[in-house]
Amino acid sequence: MSEERFSIITYMHECKTENTAMRPYTPNEVFNVEARGDEDSSAQYTHEDAVFNQTVEDIRSELVILRGRTEAEKQMYNETLNRAILGYEEDRGKLLAIIHDLVSKRRLSGIPPRTTGYTTLPEAIFAEIIGLNVLELVLKQKEGLEEIQVVGRQIFEVRGGMAKPSAYILPSIRELERIQQNLVLFNNDTMNPRKRWAEVVLRDGSRVTMTGFGFTAEPTLTIRFYTVKRFSLASLAAAELETMDGKMGKLLLSLIRSYFNMVVIGPTNSGKTNLIKAIIAEMDDNERIITIESRFELNLKRDFPNKNIVEYEIDEEDPRHSGQQAFKLALRQSPKRICHAEIRDEDANLYVRACTRGHEGSITSVHVSQLEDVPDAITDMCMLDGRGMNPLRLTKRITEYVTQIGLEMAVVQGKRKIVRIVEYRYENMEVHVTNLAAYDKSTDGWTFPGKLSVHASRKIVKADREGHALLTKLGFIEKEGG
């Protein structure tokens, strides 16, 4: 049986909605201002403006109704609405065609638009419902655009990890609130005095975060685009990105194959997610990998469809779907590696337990200022559950089994770079950090001051003999008898 593709426009034509919102208007009923000669021009404008606004609301409501029959169709339709609002041309074309059809049903096609700058009424309505005002001018220069940040009327553009003021500014805060309401409306969400925030995540990984008056001093809108298309250590070492150099890539590849547990740190928007994905890309496709995130951000199954991946999305406000519950289930699903997007207070103990009970080669991220703070930070999280553990023994355990390798990301001169790769060791009741690679701003290159420990060398030779020989040649491992 041939599979019929879902069409928004076809579905819309099949709808038999018999309500007042679908009642056709007549031109006289809408814009018959000449019959009211006793009113002055301002009154005429107010009447026409009110009718136009009502028409916009009717069309907006109709767009919300047309969601499809199945959950898959509803998700596809909502995705089309969101992408249209965020400036994706193909989806904007689909929505404009739908609005044209809805206007025709109301017999308003010949009515001139109330808003200047548009030749037809559907275009004016489209601009009200889907348009982003001056943000559309920003989106026209989308090459290299990573984020749009709006605070009140101010607009900032993020390119190369650096935020700079845009050449444009919104005409009013009300315009920002209109854009916010369109986004939440099309996602069955709300922003009101009881809930002054909302988030929208698209299937391609793009994310929209919004806040309103009362939660932030001014309304905000942050659009974070999904921009990376290739994930591999080789792509990160290429001249286009320069996240690391080839020597570091060979080091990381051997560490991955040797099942070292890794931890990544770095500020927001420094490239942590892309680095984690590049590391996962190098893992064996047949190994079961389990990811645990508060929001589906890695989207590994989409980018690596052949990998044996189980992806959890947790909700800490729901005990049945919390991080703890996800870890309990994950450990029963025979994972080889665990990727925890960000280690938190609630599940720190579970992640430590997983790393110390055979799930080697796992990776997580932690919010700390420098790599030296990582073992202590995770120890502090684990101590919060009040089990009365010995902090020194716990720090030793975390250093030896959880934070074997640390990587630090940062934005340097507009490029995301791995600025440090370290090995953690616990000796003489203290955490020791060895710099295996460090970025040098003065030379715009990397230095390699330290060498892997004997313990790390033995671990590598067991899992990756070829890698061990290569790392010895590159100077990361002391030659026997040296």
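Residues in the sequence shown are numbered consecutively from -12, following the working numbering. Built from N, CA and C at the ideal position, the CB exists for glycine as well.
I325 sits buried, since 16 or more C-beta atoms from the chains shown fall within 10 Å of its C-beta. Here the stretch 287 to 305 makes no contact with the stretch 420 to 440; the two share fewer than three CB pairs at distances below 8 Å. Closest option to L439, judged by alpha-carbon separation, among R244, P180, K466, D363: K466. Between the stretch 126 to 140 and the stretch 105 to 118 there are fewer than three C-beta pairs closer than 8 Å, too few to call the two in contact. Runs of beta strand (DSSP E) with 3 or more residues, each lying fully within the stretch 188 to 254, are found at 194 to 198, 207 to 211, 249 to 252, listed in chain order. A residue is called buried once 16 or more other Cβ atoms fall within 10 Å of its Cβ, and M197 is buried on that count.
Counting C-beta pairs closer than 8 Å gives fewer than three between the stretch 201 to 215 and the stretch 347 to 362, which falls short of the contact rule.
The distance from the Cβ of M396 to that of V251 is about 7 Å, consistent with a contact at the 8 Å cut-off.
The Cβ neighbour count for E284, taken over all protein chains shown within 10 Å, is at least 16; the residue is labelled buried. Closest option to A204, judged by alpha-carbon separation, among E333, E162, A265, G139: G139. By the Cβ test, the stretch 368 to 388 is not in contact with the stretch 258 to 275, since fewer than three Cβ pairs between them sit closer than 8 Å. Distances from the CA of N336 to each of K402, R146, G310 were compared; the closest alpha carbon is that of G310.
By the Cβ criterion, the stretch 233 to 240 is not in contact with the stretch 335 to 354, since fewer than three pairs of Cβ atoms, one from each stretch, lie closer than 8 Å. Residue environment analysis places Q391 among the buried positions, since at least 16 neighbouring C-beta atoms fall within 10 angstroms of its C-beta. If you draw a 10 Å sphere on the C-beta of F200, you find fewer than 16 other C-beta atoms in it, and that means exposed. If you draw a straight line from the Cα of G393 to the Cα of S153, it is about 36 Å long. Distance from the Cα of I385 is smallest, within the candidate group M370, R183, V398, for M370. Apart from sequence neighbours up to five positions away, the residues of its chain that approach E347 with a beta-carbon distance below 7 Å are Y246, N248, ordered along the chain. Shortest Cα-Cα distance from R319 to any of D302, I276, I330, D332 involves I276. The beta carbon of D232 is closer than 8 Å to those of A224, G432, W433 in its chain, skipping five residues each way along the sequence. Exclusion of the five residues before and after V389 leaves N248, V339, C342 as the residues of its chain whose Cβ lies within less than 6 Å of its Cβ.
In the structure shown, the three-state DSSP call for N295 is coil. Taking a contact as a CB-CB distance under 8 Å, the pair Q141 and I156 counts as one, their CB atoms being some 7 Å apart. When secondary structure is reduced to three states using DSSP, D451 falls in the coil class, being assigned neither helix nor strand.
With a 10 Å radius around the Cβ and a threshold of 16 neighbouring Cβ atoms, T255 comes out exposed. The residue from E387, K446, A424 with its alpha-carbon nearest to that of G437 is A424. Here A328 carries a coil assignment [DSSP, helix/strand/coil]. For N293, the number of other beta carbons within 10 angstroms of its own is below 16, and it is reported as exposed. Rounded to whole angstroms, the Cβ separation of N69 and V145 is 20 Å, and the two are not in contact under 8 Å. Shortest Cα-Cα distance from A317 to any of D302, V297, A328 involves V297.
Residue environment analysis places R282 among the exposed positions, since fewer than 16 neighbouring C-beta atoms fall within 10 angstroms of its C-beta.
Straight-line spacing of the CA atoms in Q62 and R56 works out to 10 Å. T177 carries a coil assignment under DSSP once its states are collapsed to helix, strand and coil. Looking at the backbone, the Cα of Q136 and that of A450 are separated by about 46 Å. Contact between S349 and E329 fails: their C-beta atoms lie close to 13 Å from each other, not under 8 Å. Within the stretch 323 to 368, the runs of beta strand (DSSP E) that reach at least 3 residues and sit entirely inside it are, in chain order, 324 to 327, 350 to 352.
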